[in-house]
Amino acid sequence: MFKQQGSFRLIGLITDFGSRGQHYVGAMKAVIKSIDKHISVIDINNNISPFSITEASFIIYYAVRDLPENSIILCVVDPGVGTERKILAVETENNILVIGPDNGIFSLLCVKYKIRRIFEITNKDLYYKSGKAISSTFHGKDIMAPVAAHIAAGCEIGLVGKSIRINDLIIDNKIGHAEVIDSNLIGAVILYQDEFGNLVTNIEEKDIEDCLSRYKNITLEGSNNSIRVVEKFSDLDKDEIGLLKGSSELMELTMKNKSAAHELGLDPSSKIQLKFH
Amino acid sequence: MFKQQGSFRLIGLITDFGSRGQHYVGAMKAVIKSIDKHISVIDINNNISPFSITEASFIIYYAVRDLPENSIILCVVDPGVGTERKILAVETENNILVIGPDNGIFSLLCVKYKIRRIFEITNKDLYYKSGKAISSTFHGKDIMAPVAAHIAAGCEIGLVGKSIRINDLIIDNKIGHAEVIDSNLIGAVILYQDEFGNLVTNIEEKDIEDCLSRYKNITLEGSNNSIRVVEKFSDLDKDEIGLLKGSSELMELTMKNKSAAHELGLDPSSKIQLKFH
Amino acid sequence: MFKQQGSFRLIGLITDFGSRGQHYVGAMKAVIKSIDKHISVIDINNNISPFSITEASFIIYYAVRDLPENSIILCVVDPGVGTERKILAVETENNILVIGPDNGIFSLLCVKYKIRRIFEITNKDLYYKSGKAISSTFHGKDIMAPVAAHIAAGCEIGLVGKSIRINDLIIDNKIGHAEVIDSNLIGAVILYQDEFGNLVTNIEEKDIEDCLSRYKNITLEGSNNSIRVVEKFSDLDKDEIGLLKGSSELMELTMKNKSAAHELGLDPSSKIQLKFH
């Protein structure tokens, strides 16, 4: 169980506020520190592309892997702010609590991790300066940050609102899994593009093991690009495109000291098909 | 009164150092931590456009709203570094202390908040490694950061230098207030553009209440763009331009999941006129 | 000697992960906090150009100057990750420990600071979740961050691996020093370009003192740009190019409130020659 009081209290932030919206992140930190100055807050990634549910899903999944137990992830990628969309607190079995809007951002988390409990956040007593008006444009600061801070400060998770079932969450199945289209054709989605131009896919190593045992060539459908499965960047030749298990444990399209994204003309949310032959 | 010793000690940073100048921010944090390792430092916004007094004014104003009492804001947007411009410590009645150069960055703060005291920072004993030469290119690190750290660590504010009057500050009146040009014409300035392309103006809700009660249409002068006052992003139709009270409590030009800045061709410091008819 | 236990424990991060790779930085922070939640972590500069050894060398040098004694710098600019390149812990005589790959990033540090000891990091007991597989794509998280955290938490430096000699390091001599090509010609390298467009060179003030005493004009070879040595930005006229001792104590090409990089068409790693006449 997620332990609050006395246990480690770290909040990691994921937003699409970007460099120009760094003060929105700063305001969330200020609100958290106002509630409990001893809470430690770290930036996970505040440069999600505006409104990108796909990227947010990936970064939540990525962050859960390395955070210490009893950490909270606060993900404010919230194009529906001000509408009736729910705000959720999702607790994994490895004791990470993820707080964010119910718009699909939990799609990868719910596939890759066992979920223990989910609550819909509705308890106004835990909102920003309870009593004051809550904005209809920035629930990250007015609702999610203070709720996260109160939990980090010892408030029981169950107090945030009523428990809901995982089936009630908005899940985008295209994000969670690569798809076996044919015995030699895998359909996948680009989840993220990093600064080096590496393209993280939703393909797991096991998804292609069978194909790899039967075929020796891989091509990206719709292009002539031949792809080689490698273990590390340095295995690649200049201008060669590789498929490699990245630090996310998902397969990445990559090049050696060069941008695969630029070379292939792909970006997050792009659909791809890998043909084995 | 701003309480130092024993009270909460948080310093929030605002600079125009940008992503390529992150090490300048890092150096200020290093200096602060050298003076007192227990001071908590958060980034407010280090991506102010180079030398933009207007943007800095807005971000200072924005940050004051959410920081806990007895926090310090350190704003290093300082195109005049090395000249005779003053460095100030401005204390608000809600117990936030803002330290920065006297170049107009306090323009919005002094209009929106009651100011209790202002000091000109001149006490060299509080500068970086007192005794060593102070650079003429980076007073953020050599003067402002150490002074902020000493105050956070318990030094009385009054020791930084002599008290000065608010009338001695450089204030840009165009920043502080929107202007009633005519009974149906409001002149305003774009204070900031965020990553989503929202354009924060210096118009307050009350500035347009009267016009809104008398007219039903709003147009941006010099364009054919019709503007609708809304409460939240989702009230807008696709491609419609809205005017909405943002989380800053100032009115923002906005679009639904789209960049108003790009659509309107406006950016910070642009002057606009809203015509009601 | 670098003191671990009980002394100040601050880790400063330098990476080329950029805004899109902020979650890699976040993961390193998560790993550090997992080992010891009391370690303080600050960003020095995570926006090094991808794979730029030259920029990394400069930022390491820059950071060492202001960090408190007994701080650790963790520099993950590591194009050779997964190859046989060494990972080092380099201790300066002013008690800063720098951890990073042996690929030339220590080139400026070893010239400008006295080095006390150097160790090659090989002790797998200090790696990430000892026992688990170490990735071949992200040693910053799996090796360097946990080793840094263990040292900050009190582990003796000597336990990381065997001591090596400074002569065994990869050093790029072009980075460390400007070169006297002729009695009136200085060859130099652009080490860094900041957000304002200032270009930091590897020229020290003393490198040009002699020339300055003998000649009164300076020109950038291959262009007609005349250059004036000044003390502060405000000494420059509009459109004039200055050479000024920056906060790094190295000479910078600069303009007044304008980008010298843009004006001169130079960027990091560019070679330049200053002709005195």
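Here the protein sequences come in this chain order: A, B and C.
All residue numbers for the first sequence refer to the numbering used here, where the first residue is 1 and numbers rise by one.
All residue numbers for the second sequence refer to the numbering used here, where the first residue is 278 and numbers rise by one.
All residue numbers for the third sequence refer to the numbering used here, where the first residue is 555 and numbers rise by one.
Idealized CB from N, CA, C, for every residue including glycine.
Computed from a predicted structure; not experimentally measured.
Interface partners of residue i on chain C, CB under 7 Å
| i | result |
| --- | --- |
| Val354 of chain B | The premise fails here: Val354 of chain B is roughly 11 Å from chain C at the closest Cβ pair, so nothing lies under 7 Å. |
| Arg297 of chain B | Asn601, Gln747, Asp748 and Glu749 |
| Val424 of chain B | Those do not exist, as Val424 of chain B stays about 16 Å from chain C at its closest Cβ, beyond 7 Å. |
Short CB-CB distance (under 8 Å) between residue i and chain B
| i | result |
| --- | --- |
| Glu785 of chain C | yes |
| Gln841 of chain C | Nothing can be reported for residue 841 of chain C, as the shown portion of chain C is limited to 555 through 831. |
| Phe17 of chain A | yes |
| Tyr667 of chain C | no |
| Asn811 of chain C | yes |
| Ile613 of chain C | yes |
Neighbour flag for residue i against chain A, beta carbons, 8 Å
| i | result |
| --- | --- |
| Ser546 of chain B | no |
| Lys829 of chain C | no |
| His577 of chain C | yes |
| Lys591 of chain C | yes |
| Ala584 of chain C | yes |
Spatial distance of residue i from residue j (CA atoms)
| i | j | result |
| --- | --- | --- |
| Ala153 of chain A | Leu13 of chain A | 17 Å |
| Asn217 of chain A | Lys232 of chain A | 19 Å |
| Lys245 of chain A | Pro50 of chain A | 27 Å |
| Asn677 of chain C | Arg563 of chain C | 21 Å |
| Ser136 of chain A | Gly82 of chain A | 5 Å |
| Glu156 of chain A | Ile164 of chain A | 16 Å |
| Gly230 of chain B | Ala538 of chain B | No answer is possible for residue 230 of chain B: the residues shown for chain B start at 278 and end at 554. |
| Val665 of chain C | Asp736 of chain C | 22 Å |
| Ile373 of chain B | Tyr404 of chain B | 21 Å |
| Asp78 of chain A | Gly100 of chain A | 8 Å |
| Gly26 of chain A | Ile336 of chain B | 10 Å |
| Ser511 of chain B | Gly295 of chain B | 32 Å |
| Ile190 of chain A | Ile781 of chain C | 49 Å |
| Leu642 of chain C | Phe673 of chain C | 6 Å |
| Tyr390 of chain B | Glu526 of chain B | 13 Å |
| Ile39 of chain A | Lys33 of chain A | 7 Å |
| Asn836 of chain C | Arg297 of chain B | What the structure shows of chain C is the stretch from 555 to 831, and residue 836 of chain C is not part of that stretch, so it cannot be assessed. |
| Lys760 of chain C | Asn752 of chain C | 20 Å |
| Met582 of chain C | Ile740 of chain C | 41 Å |
| Ile325 of chain B | Gly222 of chain A | 42 Å |
Limits of the alpha helix (DSSP H) - the one that residue i falls within
| i | result |
| --- | --- |
| Asp487 of chain B | Glu482 to Arg491 |
| Lys810 of chain C | Careful: Lys810 of chain C lies outside any alpha helix (DSSP H) and carries neither H nor E. |
| Lys418 of chain B | Segment: none, Lys418 of chain B is in no alpha helix (DSSP H) and carries neither H nor E. |
| Ala261 of chain A | Ala260 to Leu264 |
| Gly453 of chain B | Asn450 to Gly453 |
| Ala425 of chain B | Ala422 to Ala429 |
| Ile312 of chain B | Gln299 to Ile312 |
Partner residues on chain A for residue i, Cβ-Cβ distance less than 7 Å
| i | result |
| --- | --- |
| Gly523 of chain B | Thr137 |
Under 8 Å from the C-beta of residue i: neighbouring residues of chain A
| i | result |
| --- | --- |
| His731 of chain C | None at all; the shortest Cβ gap to chain A is about 27 Å. |
Interface flag, residue i vs chain C, CB-CB below 8 Å
| i | result |
| --- | --- |
| Gly381 of chain B | no |
| Lys451 of chain B | no |
Within chain C, the residues that residue i reaches when beta carbons sit closer than 9 Å
| i | result |
| --- | --- |
| Val358 of chain B | Lys786, Phe787 and Ser788 |
| Ala304 of chain B | Ile598, Tyr616, Ala617, Arg619, Asp620, Leu621 and Ser801 |
| Lys310 of chain B | Phe562, Leu564, Ser594, Ile596, Leu621, Pro622 and Ser625 |
Element boundaries [beta strand (DSSP E), containing residue i]
| i | result |
| --- | --- |
| Lys271 of chain A | Lys271 to Phe276 |
| Gly12 of chain A | Leu10 to Thr15 |
| His158 of chain A | Just to set this straight, residue 158 of chain A is Gly in the shown sequence, not His. Per DSSP, Gly158 of chain A belongs to no beta strand (DSSP E) and is neither H nor E. |
| Gly469 of chain B | In the sequence under discussion, the amino acid at residue 469 of chain B is Tyr, which differs from the Gly named in the question. Its beta strand (DSSP E) spans residues Leu462 to Gln470. |
| Ile458 of chain B | Glu456 to Asp459 |
| Leu774 of chain C | Ile772 to Leu774 |
| Lys522 of chain B | Ile518 to Lys522 |
| Ile781 of chain C | Ser780 to Val784 |
Beta-carbon neighbours of residue i, restricted to chain B and to distances below 7 Å
| i | result |
| --- | --- |
| Pro50 of chain A | Glu472 and Phe473 |
Within chain C, partners of residue i - CB distance below 8 Å
| i | result |
| --- | --- |
| Lys418 of chain B | Asp620 and Ser801 |
**Item:** In chain order, each alpha helix (DSSP H) run of at least 4 residues that lies wholly inside the segment 600 to 677 of chain C
**Value:** 607 to 620 and 661 to 666
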